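Engineer: A single structure is presented below for examination.
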Amino acid sequence: MPGAPNIRVLRDIKARNGVNANEITRRAYLFVARNQALPPHVRYQAQLQLNTFGRYTRPTTVKNRCMVTGRGRGVMSEFGLCRYQQYTFT
């Protein structure tokens, strides 16, 4: 196991923290922006507020990655390892 974590893993951790910190606020703005019963200027302001959030506050930036190699495919969620690393630790 390498000493320093992979940059992809660090980026994924940063994205997970950002999503968790801003989830409720983002969902509230999304609800207001998509509500057809509200006046257009209110919906527009909510959309502007959504656009001010950073890149790593969007849930789509979170990806399951291997905690050792940073590989994004074949990750066993139970262990947090990709299919190649899983066998080296068992």
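Residue numbers (full-length UniProt numbering): 1 to 90.
Heads up, the beta-carbon is just placed ideally off N, CA and C, and yes, glycines get one too.
What you are looking at is a predicted structure, and each value in this text was computed from that prediction instead of being measured.
#1: For VAL75, which beta-bridge partners are listed by DSSP?
#2: Which class does ASN6 belong to by DSSP, given the choice of helix, strand or coil?
#3: May I have a chain-ordered list of the alpha helix (DSSP H) segments no shorter than 4 residues that lie completely inside the region 7 to 67?
#4: Below 8 Å on the Cβ atoms is my contact criterion, and I expect MET76 with VAL9 to pass it. Report the Cβ-Cβ distance as a whole number of Å.
#5: Taking THR57 as the reference, which of ASN6, ILE24, ILE7, PRO5 has the closest Cα?
#6: Quick one: Cα of ARG34 to Cα of ARG65, how far?
#7: Determine the direct distance from the alpha carbon of GLY72 to that of CYS82, and round the result to whole angstroms.
Structural biologist: Reading it off the structure:
#1: CYS82
#2: If DSSP states are grouped into helix, strand and coil, ASN6 belongs with coil.
#3: Within the region 7 to 67, the runs of alpha helix (DSSP H) at least 4 residues long that lie entirely inside it are, in chain order, 7 to 34, 40 to 51.
#4: Incorrect: roughly 15 Å between the Cβ atoms, too far for contact.
#5: ILE24
#6: 32 Å
#7: 8 Å
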